[in-house]
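Heads up: the sequence shown begins at 81 in this note's numbering, then just goes up one per residue. For glycine and all other residues, C-beta sits at the position ideal for the given N, C-alpha and C. The structure presented is a predicted model; accordingly, all values stated were derived computationally and were not measured. Note sheet for the following structure.
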Amino acid sequence: MKRIGHFIGGAPDMSGSESTPVFDPASGRQTGEVMLGGAETVARAVAAAQAAA
81 MKRIGHFIGG APDMSGSEST PVFDPASGRQ TGEVMLGGAE TVARAVAAAQ
131 AAA
């Protein structure tokens, strides 16, 4: 099953301990899952964005 993560600082980031399912609206079948970002993920994304500016 496909796992969709984050993209932080120019690199894929699959961190996180929780996820939520992704469904195909036509069939109703689960096609993957999206990783949920918490406070640490947001902090790393903000720091990477500030460093890139």
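Straight across, the Cα-Cα distance linking SER99 with ALA129 is about 24 Å. In this structure, LEU116 is the residue among LEU116, ALA132, ARG124 with its C-alpha nearest to the C-alpha of SER97. Counted as a single uninterrupted DSSP element, the beta strand (DSSP E) harbouring ALA91 occupies residues 91-93. In the three-state reduction of the DSSP assignment, GLU113 falls in the strand class, which pools E and B. Distance from the CA of GLY118 to the CA of ALA106, rounded to the nearest whole angstrom, comes to 30 Å.
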